[in-house]
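Visitor:
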Amino acid sequence: MIKAFTKMKSLDLTERLGLVSYRNQAKSDIKPHIEVDTDICNSTCPHKCTTYVCPANCYTMDEDGQVHFQVEDCIECGTCMYACDQGAVDWNYPDPEIGRGVTWNFG
Amino acid sequence: MDEKFDCIIVGAGIAGLAAAMTLARNNMKFLLIEKGEFAGSKNVSGGVLWGSDLAKLVPEYWKEEDGGWERFINHRRLTFMDDQSTFSIDFKSSHFNETPYSGVVVLRSKFDRWLAGKVQDAIDESDYAMESFIATNIKVDEILMEDDKAVGIRTGEEEFHADSVIISEGVNNLLTRQVGLQDDYVPADHMLTGIKEVIRYDQKVLEDRFQLNGLSGMSNEFVGFATDGVEGGGFLYTNRDTISLGLVAGIKDMREKEKSPHDLLNTFKAHPVIQDTIQGGEVVEYSAHVVSSGDKRAMPKEVYKDGVLLCGESANLLMNAGKAIQGMDYAMRSGILGAETIIKAKERDDFTSNTLSEYKQALEDSYVMKDINSFQDAVHMLHNPTMYQDVPNLICDFGRKFFTIDSKPTKKSREMMKESIKEHSSYWDLMKIGFKGAKSL
């Protein structure tokens, strides 16, 4: 029997982020390097686009349509800094000592 | 540390490392600061380093058994895609086997680290072997300004002083904004998100699949279905035993079309032709980074001011004009030119705009700004929906008609082309694009 090649499985985002190395991964009290004023997201923002353009899904929307931000998986790509045109994202790099940030194995 | 440096370079990416290498070779006293654990640890690219400047920084780098680069490019492919098909322009030539190579594939975590080692060697051989440094794990919080002239940097509570500062911090250019060379908010219009997977194979499998010989490699760019209606394109580059597979997608377009980059990447990977190409591999890293488009409208107002120069992507020096995505080579050249200007400034003891403006002129006279200036129309054209949607669809539709042999009378190719154009675009749109294309390339 001629067998077709097995298709490569698509990874979901959790599996993808599982491949990323972070600094201070074990620390629980990291200081977020990005500050998001979610009051803006949840009051006047017409698109809440960070909830879908962030490649690490750091911005999530709950059942009530409220935007929440968690910095833990951030890979410092910068997308949200440009995508947010509402002034809600105050973007910075993590502190090398006390922040969580990415260290690429391949890059 | 009280001592003043000739120059502080912020960011040990390709621009910063090229600048540092040039300064070290010219016996300048400098500090190269990197926020990551090591040079390259926070850097992502597609990526091919085009051009031959690497040979200037590291002469005969190809002779090194395990240099920082992956493979040299002797095989180029540009692929148009619809949902089922691919139609490629494919060019391979032994001409590209000659050194210096005209393009090498790199993985930045390895490449930048290797290049930083070469810079350290150059420091060790310079007059300031004990007084020039590559310092990692330091985030620069602020460029210190006195009377609107840069005089050093601040990190936390600590300050370091210098006659000049080279900002080579990359596309997310917070310090460039702080010194007033770029607006505080840069809109998404000319910015894209690059997203990529590194996929590993048995090296023999990789070499057989992509017909690689020794360290030869292939670069493949994709337009059309790759980005599922979002402006941008896809890429596949061969590394030693991995491939870099990814997309660049316009941020504004994703915002408006409500698309997620990671979903786009899965759609791209699920394309039947891509599936056949990548099957059997294991994803070993997922990464993303913003990249600028090469549209001059997104560039900083100026690339210098008193005591400061902007090099690499902090000045948005990057371009995709359809032939290749160039950015790392621009970074390298601008770093070299920036450092050469700093050396002149030191000779004249004048670090004001009077001397530093010569950097802008050198950049304008180099292929970097010459190409960015002459291919602006091509950049605009590639971000036109006709180009990233209609044209790939009609090319693939024509391909399907042309290559179909089904025991019925065959139409002339001209007829087929007419039908494909009617179905996917219009003569008028194509004429507009064709006219622009003829002018821009």
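Protein chains in written order, with the working numbering: chain A, 9 to 115; chain B, 55 to 495. Don't be surprised by glycine CBs; every beta carbon is placed ideally from N, CA and C.
1. I'd like to know if the segment 220-238 of chain B and the segment 355-369 of chain B are in contact, where contact means that at least 3 CB-CB pairs between them fall below 8 Å.
2. In angstroms with no decimal places, state the Cα-to-Cα distance between B/His343 and A/Thr87.
3. So that I know if they touch, is there some Cβ in chain A lying closer than 9 Å to that of B/Glu477?
4. Are the C-beta atoms of A/Asp45 and some chain B residue less than 9 Å apart?
5. Indicate whether at least one CB of chain B lies closer than 9 Å to the CB of A/Val61.
6. So, helix, strand or coil for B/Met386, using DSSP?
7. Is the segment 322-336 of chain B close to the segment 187-194 of chain B, with three or more CB pairs under 8 Å?
8. Within a Cβ cutoff of 6 Å, which residues of the same chain sit near B/Glu496, ignoring the five residues on either side of it in sequence?
9. Mind checking if B/Leu103 is an interface residue toward chain A, Cβ cutoff 9 Å exclusive?
10. Quick one, which residues of the segment 339-364 of chain B are near chain A if we go by CB-CB under 9 Å, in chain order?
11. Taking three-plus beta-carbon pairs below 8 Å as touching, is the segment 55-68 of chain B in contact with the segment 95-109 of chain A?
12. With hydrogens ignored, establish whether the beta-carbon of B/Thr190 is closer than 8 Å to any heavy atom of the ligand SAM.
13. Who are the neighbours of A/Met69 on chain B, taking C-beta pairs under 7 Å?
14. Let me know the secondary structure DSSP gives B/Arg351 once reduced to three states.
15. Quick one: which chain B residues come within Cβ less than 8 Å of A/Tyr30?
16. Quick check: what's the CA-CA separation for B/Lys89 versus B/Ser148?
17. Considering Cα atoms alone, identify which of B/Gly157, B/Ile449, B/Asn81, B/Val219 is closest to B/Thr406.
18. For the candidate residues A/Ile106, A/Pro102, A/Asp81, whose alpha-carbon lies nearest to that of A/Leu27?
19. Look up B/Gly206 in the DSSP assignment and give the residues it is bridged to.
20. Out of B/Thr395, B/Lys306, B/Leu417, which has the shortest C-alpha to C-alpha gap to A/Val61?
21. Considering only residues of the same chain and omitting the five flanking positions on each side of B/Ile475, which have a CB-CB separation below 7 Å?
22. State the start and end residues of the unbroken beta strand (DSSP E) segment that holds B/Glu336.
23. Curious, which full-length alpha helix (DSSP H) runs of at least 4 residues does the segment 355-431 of chain B contain?
24. Candidates B/Leu364, B/Val327, B/Leu266: which alpha carbon is nearest B/Asn226's?
25. Once you ignore the five residues that flank B/Met471 on each side, which residues in its own chain have a CB closer than 8 Å to its CB?
26. Does the Cβ-Cβ distance between B/His129 and B/Gly271 come in under 9 Å?
27. What residues of chain B sit near A/Ile83, judged by a beta carbon separation below 7 Å?
28. Is any beta-carbon of chain A found at less than 9 Å from that of B/Ser226?
29. Beta-carbon separation of B/Glu124 and B/Asn293 under 9 Å?
30. Strictly under 9 Å for the Cβ-Cβ distance: is A/Pro40 near chain B by that measure?
31. Do A/Val75 and A/Thr68 have their beta-carbon atoms positioned less than 9 Å apart in this structure?
32. Can you give me the C-alpha to C-alpha distance between B/Asn81 and B/Met75, rounded to a whole angstrom?
33. Using a Cβ-Cβ distance cut-off of 9 Å, determine whether B/Ile220 contacts chain A.
34. If you check the beta carbons only, do B/Gly122 and B/Trp168 fall under 9 Å apart?
35. What does the alpha-carbon distance come out to for the pair B/Gly283 and B/Ser479?
36. Could you check whether the segment 379-395 of chain B touches the segment 413-427 of chain B, counting it as contact only if at least three pairs of C-beta atoms, one from each stretch, sit closer than 8 Å?
Guide: In brief:
1. Cβ pair count under 8 Å is three or more, so yes.
2. Residue mapping note: residue 343 of chain B aligns to position 289 of the second sequence, counting from 1. Residue mapping note: residue 87 of chain A aligns to position 79 of the first sequence, counting from 1. B/His343 and A/Thr87: Cα-Cα distance of roughly 7 Å.
3. Against the second sequence, residue 477 of chain B aligns to sequence position 423. B/Glu477 does not count as touching chain A.
4. As a working note, residue 45 of chain A is residue 37 in the first sequence. False, the Cβ-Cβ gap to chain B never drops below 9 Å.
5. In the first sequence, counting from the first residue as 1, residue 61 of chain A sits at position 53. So yes, A/Val61 belongs to the interface.
6. As a first step, residue 386 of chain B must be located in the second sequence, where it is residue number 332. Helix at B/Met386.
7. no
8. Residue 496 of chain B lies beyond the range of chain B shown here (55 to 495); nothing can be said about it.
9. In the second sequence, residue 103 of chain B corresponds to position 49, counting from 1. So, not an interface residue.
10. Glu339, Tyr340, Ser341, Ala342, His343, Val344
11. no
12. You won't find the ligand SAM in this model; it holds no ligand whatsoever.
13. Working through the first sequence from its first residue, we reach residue 69 of chain A at position 61. Within chain B, no residue comes near A/Met69; the closest Cβ sits about 12 Å away, beyond 7 Å.
14. Sequence index remark: in the second sequence, residue 351 of chain B carries index 297 (1-based). Looking at B/Arg351 - three-state DSSP - the assignment turns out to be helix.
15. Here residue 30 of chain A is taken as the residue at index 22 of the first sequence, counted from 1. Ordered by position in chain B, no residue passes the 8 Å Cβ test against A/Tyr30, which lies about 11 Å from the chain.
16. Here the question's residue 89 of chain B lines up with position 35 in the second sequence. Here the question's residue 148 of chain B lines up with position 94 in the second sequence. Roughly 41 Å between the two C-alpha positions.
17. Walking along the second sequence from the start, residue 406 of chain B turns up at place 352. The shortest Cα separation from B/Thr406 among B/Gly157, B/Ile449, B/Asn81, B/Val219 belongs to B/Val219.
18. Mapped onto the first sequence, residue 27 of chain A falls at position 19. Checking every option, the nearest Cα to that of A/Leu27 belongs to A/Asp81.
19. Start at 1 with the first residue of the second sequence, and residue 206 of chain B comes out as number 152. B/Leu198, B/His215.
20. The residue you call residue 61 of chain A lines up with position 53 of the first sequence. Nearest option by C-alpha distance: B/Lys306.
21. Here residue 475 of chain B refers to the residue found at position 421 when the second sequence is read from its first residue. Answer for B/Ile475: Leu448, Tyr481, Leu484, listed in chain order.
22. What you label residue 336 of chain B is simply residue 282 of the second sequence in a count that begins at 1. Going by DSSP, B/Glu336 is part of the beta strand (DSSP E) stretching over 336-346.
23. 382-402, 407-419, 421-428
24. Reading the second sequence from its first residue, position 172 is the one you call residue 226 of chain B. Answer by Cα proximity: B/Leu364.
25. Residue 471 of chain B sits at position 417 when you count from the first residue of the second sequence. Hits under 8 Å: Phe452.
26. Here residue 129 of chain B refers to the residue found at position 75 when the second sequence is read from its first residue. Here residue 271 of chain B refers to the residue found at position 217 when the second sequence is read from its first residue. Yes. Within cutoff.
27. Within the first sequence, numbered from 1, the residue matching residue 83 of chain A stands at position 75. One finds Ser341, Ala342 in chain B with Cβ atoms closer than 7 Å to the Cβ of A/Ile83, taken in chain order.
28. As a working note, residue 226 of chain B is residue 172 in the second sequence. A quick correction: the sequence has Asn, not Ser, at residue 226 of chain B. True, the Cβ-Cβ gap to chain A drops below 9 Å.
29. Working through the second sequence from its first residue, we reach residue 124 of chain B at position 70. Working through the second sequence from its first residue, we reach residue 293 of chain B at position 239. Contact flag set, yes.
30. Along the first sequence, one-based indexing puts residue 40 of chain A at 32. Chain B contact via Cβ: absent.
31. Translated into positions along the first sequence, residue 68 of chain A becomes position 60. Translated into positions along the first sequence, residue 75 of chain A becomes position 67. The Cβ atoms of A/Thr68 and A/Val75 sit closer than 9 Å to each other.
32. On the second sequence, residue 81 of chain B is found 27 positions in, with the first residue counted as 1. On the second sequence, residue 75 of chain B is found 21 positions in, with the first residue counted as 1. Rounded to whole angstroms, B/Asn81 to B/Met75 spans 10 Å at the Cα level.
33. Within the second sequence, numbered from 1, the residue matching residue 220 of chain B stands at position 166. It does not: the Cβ of B/Ile220 has no partner Cβ on chain A nearer than 9 Å.
34. As a first step, residue 122 of chain B must be located in the second sequence, where it is residue number 68. As a first step, residue 168 of chain B must be located in the second sequence, where it is residue number 114. Result yes, Cβ atoms of B/Gly122 and B/Trp168 sit closer than 9 Å.
35. The residue labelled residue 283 of chain B in the question sits at position 229 within the second sequence. The residue labelled residue 479 of chain B in the question sits at position 425 within the second sequence. Distance between the alpha carbons of B/Gly283 and B/Ser479 is about 15 Å.
36. yes
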